[in-house]
Amino acid sequence: MIGDTEIGRIGLGTNRLRKTPENVAFVAQAVTAGIGMVDTAHSYTGGESEATIGEALSPRPGGLLVATKGGYAPGTGSPKALSAQIEESLRRLRTDTIDLYYLHRVDPETPLEESLGTIAAYRDRGQIRHVGLSEVGIEQLERGRQVVPIAAVQNRYNLAERTHEEVVDHCAEQGIAFVPFFPLHGLDGLPVAEIAARHGATPQQVALAWLLARSPAMLPIPGTLSLEHLEQNLAALELQLSEDELDALR
């Protein structure tokens with residue numbers, strides 16, 4: 053769930069998506085294959101990622117959530133800079149309303165409350181539906197929730213990088229989606245290959261199945277430009293790991 057919107061538990065990351073006819077077709081195919089959320093950002097590939105998604109998904113299919121982010125670099129969390137990025141994202145995505153908009157990073161030069169206040173104003177006008185935060189701890193998340201409802205947190209998290217364990221659990225307790233980026237990193241040196249062979253699965257599918265089992269709030273967004281890999285990622289939704297296997301991965 054993202055706020056009041058129920059979507060599939062595996063999305064598509066697009067940080068390498070360039071605007072080519074092949075990639076426009078791929079994004080449309082990804083939605084047909086069953087992807088429920090497409091994740092991008094104002095900064096990805098110099099804006100080509102958002103523009104590709106805008107072309108591929110205009111008009112927007114039903115049952116799909118498109119998420120984007122702004123305010124990545126220091127200084128770009130200011131009201132003026134953030135507003136300019138939101139306006140550009142709206143144009144690139146060819147939409148009147150962004151389904152989910154994250155503050156991409158907490159700006160060291162702008163109070164968190166000020167950045168989120170800017171995003172909240174767009175939400176109040178109906179130009180942003182849900183609001184998220186990226187790379188935050190619990191204290192920042194709770195500060196943010198004093199300004200605007202937070203529907204999702206996107207932090208780096210995978211089998212090998214678990215700094216945000218407490219954030220994962222807090223999000224589950226509060227009904228907030230936890231969206232791990234780089235969910236397929238760090239497969240070396242773990243018993244992933246053995247478990248994958250046992251199930252006739254790929255190591256990547258095991259990593260995704262572990263994330264899904266880790267928390268009901270989990271919504272991974274593995275990035276790919278291959279329809280074959282995307283379909284393999286979606287197949288991880290059907291992979292059930294045993295308690296012993298989950299313990300081995302912990």
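Residues 53 to 302 in the working numbering are what the sequence shown lists, from first letter to last. In this text, a Cβ means the ideal position worked out from N, Cα and C, and glycines have one as well.
{"Asked": "So, using beta-carbon positions, are Glu130 and Glu161 closer together than 9 Å?", "Found": "Here residue 130 turns out to be Ser, not Glu, going by the sequence shown. Result yes, Cβ atoms of Ser130 and Glu161 sit closer than 9 Å."}
{"Asked": "Name the residue from Ala103, Ala85, His216 whose alpha carbon lies nearest to the alpha carbon of Leu69.", "Found": "Ala103"}
{"Asked": "The beta strand (DSSP E) with Thr120 in it runs from where to where?", "Found": "117-122"}
{"Asked": "What's the gap between the Cα of Thr147 and the Cα of Pro111?", "Found": "9 Å"}
{"Asked": "From Asn207 to Tyr154, what does the alpha carbon distance come to, in whole angstroms?", "Found": "11 Å"}
{"Asked": "If you drop the 5 nearest sequence neighbours on each side, which residues of the same chain put their C-beta closer than 6 Å to that of Val244?", "Found": "Pro255, Val258"}
{"Asked": "Which runs of the beta strand (DSSP E) spanning at least 3 residues fall entirely within the region 100-159, listed in chain order?", "Found": "117-122, 150-155"}
{"Asked": "Please state whether the Cβ-Cβ distance between Ala85 and Leu286 is less than 9 Å.", "Found": "yes"}
{"Asked": "Alpha carbon to alpha carbon, how far is Val220 from Pro268? Give it in angstroms, no decimals.", "Found": "10 Å"}
{"Asked": "To the nearest angstrom, report how far apart Glu58 and Arg157 are at their CA atoms.", "Found": "26 Å"}
{"Asked": "Do Val90 and Ala119 come within 9 Å of each other at the CB atom, strictly closer than that value?", "Found": "yes"}
{"Asked": "Enumerate, from N- to C-terminal direction, the unbroken beta strand (DSSP E) stretches of 3 or more residues contained entirely within the region 164-249.", "Found": "180-186, 204-206"}
{"Asked": "Identify the continuous beta strand (DSSP E) that holds Asp91 and give its terminal residues.", "Found": "89-91"}
{"Asked": "In the DSSP assignment, find the alpha helix (DSSP H) that holds Ala259 and state where it starts and stops.", "Found": "255-266"}
{"Asked": "Once you ignore the five residues that flank His237 on each side, which residues in its own chain have a CB closer than 6 Å to its CB?", "Found": "Asn210"}
{"Asked": "Which partner residues does Gly65 have in the DSSP bridge list?", "Found": "Asp91, Gly275"}
{"Asked": "How long is the line joining the alpha carbons of Gly99 and Glu295, rounded to whole angstroms?", "Found": "43 Å"}
{"Asked": "Please say whether Leu291 and His251 have beta carbons closer to each other than 9 Å?", "Found": "yes"}
{"Asked": "For Thr162, which of helix, strand or coil comes out of DSSP?", "Found": "coil"}
{"Asked": "Under the three-state reduction of DSSP, which class applies to Thr57: helix, strand or coil?", "Found": "strand"}
{"Asked": "Are the beta-carbon atoms belonging to Leu370 and Ile228 less than 9 Å from one another?", "Found": "For residue 370 there is no data in the structure shown, the boundaries of the chain being 53 and 302."}
{"Asked": "Indicate whether Ile105 and Leu145 have their beta-carbon atoms separated by less than 9 Å.", "Found": "yes"}
{"Asked": "Leaving out five residues on either side along the sequence, give the residues of the same chain with a beta carbon under 6 Å from the beta carbon of His216.", "Found": "Asn207, Tyr209"}
{"Asked": "Distance check for Leu109 and Arg61, CA to CA, integer angstroms please.", "Found": "20 Å"}
{"Asked": "Buried or exposed: where does Gly63 fall if 16 or more other Cβ atoms within 10 Å of its Cβ makes it buried?", "Found": "buried"}
{"Asked": "Can you tell which of Asp176, Thr72, Phe230 has the C-alpha that lies nearest to the C-alpha of Val188?", "Found": "Phe230"}
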